[in-house]
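J.: Before I ask anything, here is the structure I am working with.
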RNA sequence: UGCCCGAUGGUGUAACGGUAGCACUACAGUUUUUGGUACUGUCUGUCGGGGUUCGAAUCCCUGUCGGGUAACCA
């Protein structure tokens, strides 16, 4: 009954903490900075934190880490919430680090009173210089030994806007000779004269990540604070602050490897360049691995969650193959996407023994994997289209599609035989003259005839024209930036091909965002800009194809 | 160069001193009104060198390789 599954290292920590009584329940958080759009890497963190919450009946806060008003915007806050909701998660509380500004300030004052923090008047350059190097210790700031009263007074001035930006900072007094550079009297507060998207002009002093993040975790009662590997060297600082302050809880920071996907880039800077240089059309371009892009391409949220679950959690940096996302996408869509017939590269077929003007309806299952999806009626008539690739003259025996003289099944329609091939002056095939067997309606016969080939088709007069975006990987290399290469050089020039296809009439009413399977071709999503008179599909992923 | 982390098939992960397993990919085959799906099978792996032990992917030493880290960013 219970499926045997090994625990990842974070689950092991949690179960130990629960078993030992260190915690009676778990509380995690997802802490994005609202300065950009979420991508597939964030999705892993979201699924992990919220997934752990569901798994252990714990709570998960959504906390916007908004300590730097120069980059953060409400627009991003809204988009991030939308993405998380799309993924299907609910947060316990929506919080912002800025909600804790007053509390953080009071803790800072406490540290000053304890002699653990001081106001420093060194410039950024002086500070960098006196910080030392990995092999040489730093020099103490000349302001390091100010008395508590003076520190208090100066910090108050900073807070009240009486000090110029850059003129003073608040620093933790730790150890300028520490082997971990982050412990050499790190900044706690700096002055930024910029309007904050939530606190407006209430504050001009803003806490630095190292001080704000861990202490906010503690304030919120977070038990397990999961972050990525690059914060590993920050952990001693994280713990230093929470140990110096009498915070109500002592959260544990746990670092894990971020998710990297092959043939893609995720960093804001790089995606922005792709947009600015016109390689892609925006943050939600379906070729990007932003959540907005992936969603627009038609990938279901469940596939992202399955991916996050499937790749596991570890501390070693890795690149997950894109084929893995494709796998989960197909897996979900196979069960949920209705089938539809669409011809992407048309070849005219005339059924010579089908009366001119006659229209018959063919009943078609919407999804062979889901009986409850029902059926629809598709019109068939004398003039049809099939895929060019589904016909070949003098085909080899392994060719299971249409060829001269051999019967194939037109799916949901009839057995068809090709009798004559029409060509233009250059010898290109322009049309096929075929006949149908009227006794095989639906694609069946009870005389034991074995029809190996089944192909899709649409009725020429009933088909709708649709614009179809065929996407391929945006980059040629697994790792577009490997070896200091310029990732722009690695862009796949064929990442988008726009074609006009013929689709069966039933798609007319599909809502934007709906993903269907084009029979034998792939999964396609109705674009958000699609309308009944201007139908647009985005190829989500092709079907697996074992042909040759 | 200091400090920190990591190294298991092509890829992602298990095995916590006792038969190296699972999934993706690739390749075969069966089924099939999608060359889809489903099912079955095959290929490929413990970074090197020492040690501890009856026994090491696992523990110890050492080397090599990879990543992170020295923002008034997060």
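Numbering (this note's numbering), first residue to last: 242 to 789.
Backbone N, C-alpha and C define an ideal beta-carbon position, used for all residues, glycine too.
1. From what residue to what residue does the alpha helix (DSSP H) around residue 477 run?
2. Report the partner residues of residue 465 according to the DSSP bridge assignment.
3. Near residue 553, which residues of its chain fall below 8 Å by C-beta distance, leaving aside the five closest residues on each side in sequence?
4. Measuring CB to CB, does residue 761 end up less than 8 Å from residue 697?
5. In this structure, how does DSSP classify residue 758 when only helix, strand and coil are distinguished?
6. Hey, would you say residue 407 sits closer than 8 Å to residue 432, going by beta carbons?
7. Nearest CA to the CA of residue 385: which residue from 494, 412, 569, 318?
8. Tell me, which residues are paired with residue 766 by DSSP?
9. Using the Cβ count rule (16 or more neighbours within 10 Å means buried), how would you classify residue 361?
10. Alpha carbon to alpha carbon, how far is residue 314 from residue 471? Give it in angstroms, no decimals.
11. Which same chain residues end up closer than 8 Å to residue 477 when comparing Cβ atoms and leaving out the 5 residues on each side of it in sequence?
12. Name the DSSP bridge partner or partners of residue 700?
13. Expressed to the nearest angstrom, what Euclidean distance is found between the alpha-carbon atoms of residue 266 and residue 434?
14. May I have the straight-line CA-CA distance separating residue 628 from residue 327, to the nearest angstrom?
15. What are the residues that DSSP puts in a beta bridge with residue 294?
16. Less than 8 Å between the C-beta atoms of residue 607 and residue 617, yes or no?
17. Residues in its own chain within less than 6 Å of residue 409 by CB, not counting five upstream and five downstream?
18. Could you check how far apart the C-beta atoms of residue 304 and residue 269 are, in whole angstroms? I think they sit under 8 Å.
19. Report the rounded CA-to-CA distance for residue 446 versus residue 336, giving the unit in angstroms.
20. Decide if residue 243 is buried, meaning its Cβ has at least 16 other Cβ atoms within 10 Å, or exposed.
21. In the DSSP output, which residue or residues are listed as bridge partners for residue 448?
22. Residue 645 bridges to which residues according to DSSP?
23. If you draw a straight line from the C-alpha of residue 766 to the C-alpha of residue 596, how long is it?
24. Here's the rule: buried if 16 or more other CB atoms are within 10 angstroms of the residue's CB, otherwise exposed. What is residue 493?
25. Enumerate in chain order the residues of its own chain whose CB-to-CB distance from residue 545 is below 6 Å, with the five nearest sequence positions on each side excluded.
26. Would you call the segment 575 to 583 and the segment 503 to 519 in contact, with 3 or more CB pairs under 8 Å?
27. Please report how far the alpha carbon of residue 768 lies from the alpha carbon of residue 777, in whole angstroms.
28. Do the segment 733 to 745 and the segment 709 to 722 touch if we need at least three Cβ pairs shorter than 8 Å?
29. Is the beta carbon of residue 684 less than 8 Å from the beta carbon of residue 642?
30. Going by the beta-carbon positions, is the gap between residue 659 and residue 681 smaller than 8 Å?
31. Closest by CA to residue 258, which one among 364, 354, 390, 465?
32. Can the beta-carbon of residue 631 be found closer than 8 Å to that of residue 438?
33. Using the three-state DSSP reduction, which class does residue 262 fall into: helix, strand or coil?
34. Drop a sphere of 10 angstroms on the beta-carbon of residue 414, count the other beta-carbons inside from all chains shown, and report buried for 16 or more, exposed for fewer.
35. For residue 335, which beta-bridge partners are listed by DSSP?
36. Looking at the structure shown, is residue 324 part of a helix, part of a strand, or coil, going by DSSP?
T.: With the given structure in hand:
1. 476 to 485
2. 493
3. 249
4. yes
5. strand
6. yes
7. 412
8. 756, 779
9. buried
10. 25 Å
11. 421, 423, 424
12. 625
13. 41 Å
14. 36 Å
15. The partner list for residue 294 (beta bridge, DSSP) is empty, contrary to what the question assumes.
16. yes
17. 360, 362, 399
18. The pair is not a contact, with the Cβ atoms about 10 Å apart (cut-off 8 Å).
19. 19 Å
20. Here residue 243 scores only 38 on pLDDT, less than 50, and its place in the model is too uncertain to base an answer on.
21. 430
22. 659
23. 35 Å
24. buried
25. 284
26. no
27. 6 Å
28. yes
29. no
30. no
31. 465
32. no
33. coil
34. buried
35. 303
36. helix
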